[in-house]
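Below is one structure, written out as structure tokens; the observations come after it.
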Amino acid sequence: MSAGAAALRLGTTVAKTAADIWLGGRRQQERHLPLAELVRVRVPGLRLQRGVKRQFGQITYAVFDRLEMTSAYRWVCMSCLPCPGSHI
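Numbering (my numbering) for the sequence shown: 3 to 90.
Here you go:
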């Protein structure tokens, strides 16, 4: 699996988990709304909605950067001998 695909899958999981926690025991039908629609329904005001969307975007980029960095480290580490992390 490529780092981009892994980042997308992990980002989706993080966003779904955050939405489940955010909704808690609230209305069941809201659990199936797309994130953008859920933010529109639950967050009052356009400015706050944009802030929430920006935060989710920042989470996505942070996850991708971390996966990209981890992937690069593993490639470098596994291509040299001896390497303390070669068991990865």
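Every residue gets a Cβ at the ideal spot worked out from N, C-alpha and C, and that includes glycine.
Give a yes or no on whether the C-beta atoms belonging to residue i and residue j are separated by under 8 Å.
i: residue 62; j: residue 13; result: yes
i: residue 69; j: residue 5; result: yes
Which class does residue i belong to by DSSP, given the choice of helix, strand or coil?
i: residue 47; result: coil
i: residue 37; result: helix
Compare the Cα-Cα distances from residue i to each of the options and report the closest residue.
i: residue 38; options: 17, 30, 23; result: 17
What number of angstroms, rounded off, separates the C-alpha of residue i from the C-alpha of residue j?
i: residue 31; j: residue 41; result: 14 Å
i: residue 66; j: residue 53; result: 20 Å
i: residue 43; j: residue 23; result: 16 Å
Are any of the Cβ atoms in chain B nearer than 8 Å to that of residue i?
i: residue 71; result: No chain B appears in this structure, which consists of one protein chain only.
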